[in-house]
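Chemist: Sending over a structure as structure tokens; questions will come in a sec.
The structure is reproduced here in structure tokens:
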């Protein structure tokens, strides 16, 4: 929000990383950060490989370096020469993330990548075990609490999911994924929608104050869900999922087709 747009943010990040690289070209963390930015923003895998090769020569026992090489290999899978090469790259990426965790068992990015692999591979219990181990090492980390809540909700444990979403939002009331998941769960399943958050919104509600319309009888649950989506949009006003779900809520629970269409159009 401070930089106006995602592109402005990345431009400034790249400028600062380049400055850091010129000030200390041998700093491993700067090389890793620069390489990850090149992968995620520009898709410049050759430059990322050059940067990571330098980082590897400086510190081959760095969990950050091993993790970043894993990200590079994962990003190379879609452009592999053939399916067999793609599988080899994916396996090597997996081994690198495991090596990063052997070096530093609390390395959160490697934990997320490895857990995501387990989920894609149809091994949710292993992913959950990895996240729970991570949470023991990083208590009250909102991303971990949210991910465990999401997995609990998907596996049919709504009470546990509600508790984990509440913990995530207590630690960070602006954690966007937890806000959206909490709002969606409350809307679809009913029940309280406060999740331990204050009743007052952090800013003006989306599209201004809701007008009272004939036939409008929103329940306390609907009002609570509305506030959750309002909070989410105060964090990211252009979040597609929050806007779409808010549009449905405005139509179904508030009988306000005009604002519903405005949200859905955005």
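Residue numbers (our numbering): 498 to 763.
We put the beta carbon where it would ideally sit given N, CA and C, even for glycine.
Looking only at its own chain, which residues have a Cβ that is under 6 Å from the Cβ of residue 648, when we skip the five neighbours before and after it?
Modeler: Indexing the chain shown from 1 puts residue 648 at position 151. If we look at residue 648 and ignore the five residues flanking it on each side, its Cβ neighbours are 625.
Chemist: Looking at the unbroken alpha helix (DSSP H) that takes in residue 679, where does it start and where does it end?
Modeler: Position 182 of the chain shown, counting from 1, holds the residue named residue 679. Here the alpha helix (DSSP H) through residue 679 covers 673-686.
Chemist: Taking 8 Å as the threshold, find out whether the stretch 590-610 comes into contact with the stretch 630-642 through three or more Cβ pairs.
Modeler: Yes, they touch.
Chemist: What's the gap between the Cα of residue 595 and the Cα of residue 613?
Modeler: Residue mapping note: residue 595 aligns to position 98 of the chain shown, counting from 1. Residue mapping note: residue 613 aligns to position 116 of the chain shown, counting from 1. One C-alpha to the other measures close to 13 Å.
Chemist: Taking the Cβ atom as the reference point for each residue, do residue 751 and residue 715 lie within a distance shorter than 7 Å?
Modeler: Your numbering for residue 751 matches position 254 in the chain shown. Your numbering for residue 715 matches position 218 in the chain shown. Yes. Within cutoff.
Chemist: So the alpha helix (DSSP H) residue 751 belongs to, where does it begin and stop?
Modeler: One-based indexing of the chain shown puts residue 751 at position 254. It spans 737-751 - the alpha helix (DSSP H) in which residue 751 sits, taken as one unbroken run.
Chemist: Output the distance between the C-alpha atoms of residue 574 and residue 591, rounded to the nearest integer angstrom.
Modeler: As a first step, residue 574 must be located in the chain shown, where it is residue number 77. As a first step, residue 591 must be located in the chain shown, where it is residue number 94. Taking the straight line joining both Cα atoms gives about 12 Å.
Chemist: Alpha carbons only, please: which of 556, 747 and 682 is nearest the one belonging to residue 713?
Modeler: For the purposes of this step, residue 713 is identified with residue 216 of the chain shown, where counting begins at 1. Comparing Cα positions, the closest option is 747.
Chemist: Quick one: is residue 651 buried, meaning 16 or more other Cβ sit within 10 Å of its Cβ, or exposed?
Modeler: As a working note, residue 651 is residue 154 in the chain shown. With fewer than 16 other Cβ atoms within 10 Å, it is exposed.
Chemist: Would you tell me roughly how many angstroms separate the C-alpha atoms of residue 676 and residue 734, rounded to the nearest one?
Modeler: Translated into the one-based positions of the chain shown, residue 676 becomes position 179. Translated into the one-based positions of the chain shown, residue 734 becomes position 237. Taking the straight line from one Cα to the other gives about 13 Å.
Chemist: How would you label residue 455, buried or exposed, when you count the other beta carbons within 10 angstroms and need 16 or more for buried?
Modeler: This structure cannot speak to residue 455, because the chain is shown only from 498 to 763.
Chemist: Can you list, in chain order, the residues of its chain with a C-beta nearer than 6 Å to that of residue 616? Leave out the 5 residues immediately preceding and following it.
Modeler: Mapped onto the chain shown, residue 616 falls at position 119. 624, listed in sequence order.
Chemist: For the stretch 677-687 and the stretch 737-746, state whether three or more C-beta atom pairs, one from each stretch, are separated by less than 8 Å.
Modeler: The stretch 677-687, when compared against the stretch 737-746, does touch it at the 8 Å Cβ threshold.
Chemist: With a CB to CB cut of under 8 Å and the five nearest residues on each side skipped, what residues in its chain are close to residue 598?
Modeler: Taking the first residue of the chain shown as position 1, residue 598 is located at position 101. 560, 604, 607, 608 and 611.
Chemist: Within its chain, find whatever has a CB closer than 6 Å to the CB of residue 567; leave out the 5 residues flanking it on each side and keep chain order.
Modeler: Along the chain shown, one-based indexing puts residue 567 at 70. 590, 593 and 594, listed in sequence order.
Chemist: Would you kindly work out how many angstroms separate the C-alpha atoms of residue 660 and residue 670, rounded to a whole number?
Modeler: Sequence index remark: in the chain shown, residue 660 carries index 163 (1-based). Sequence index remark: in the chain shown, residue 670 carries index 173 (1-based). Cα to Cα, the separation comes out at about 14 Å.
Chemist: Return the chain-ordered list of same chain residues with a C-beta closer than 6 Å to the C-beta of residue 551, the five sequence neighbours on each side being excluded.
Modeler: Your numbering for residue 551 matches position 54 in the chain shown. Correct list, in chain order: 528.
Chemist: With 16 other CB atoms within 10 Å as the buried threshold, where does residue 646 fall?
Modeler: In the chain shown, the residue the question calls residue 646 occupies position 149. By the neighbour-count rule (16 or more Cβ atoms within 10 Å), residue 646 is buried.
Chemist: Would you decide whether residue 758 is buried or exposed? Buried here means 16 or more other CB atoms lie within 10 Å of its CB.
Modeler: Counted from its first residue, the chain shown places residue 758 at position 261. By the neighbour-count rule (16 or more Cβ atoms within 10 Å), residue 758 is not buried but exposed.
Chemist: Please report the residue range of the alpha helix (DSSP H) in which residue 697 lies.
Modeler: The count along the chain shown starts at 1 and reaches residue 697 at position 200. Looking at the DSSP string, residue 697 is not in any alpha helix (DSSP H), and its letter there is neither H nor E.
Chemist: May I ask you to report which of helix, strand or coil DSSP gives residue 609?
Modeler: Numbered from 1 along the chain shown, position 112 holds the residue referred to as residue 609. Looking at residue 609 - three-state DSSP - the assignment turns out to be helix.
Chemist: For residue 727 and residue 531, what's the separation of their Cα atoms in angstroms?
Modeler: Position 230 of the chain shown, counting from 1, holds the residue named residue 727. Position 34 of the chain shown, counting from 1, holds the residue named residue 531. One C-alpha to the other measures close to 35 Å.
Chemist: Residue 544 and residue 565 - do their beta-carbons sit closer together than 7 Å?
Modeler: In the chain shown, residue 565 corresponds to position 68, counting from 1. In the chain shown, residue 544 corresponds to position 47, counting from 1. No, they are not a contact pair.
Chemist: If you draw a straight line from the C-alpha of residue 618 to the C-alpha of residue 642, how long is it?
Modeler: On the chain shown, position 121 is the one that residue 618 refers to. On the chain shown, position 145 is the one that residue 642 refers to. In a straight line, the C-alpha of residue 618 is about 22 Å away from that of residue 642.
Chemist: How would you call residue 644, buried or exposed, if buried means at least 16 neighbouring beta carbons within 10 angstroms?
Modeler: Working through the chain shown from its first residue, we reach residue 644 at position 147. Burial call: buried.
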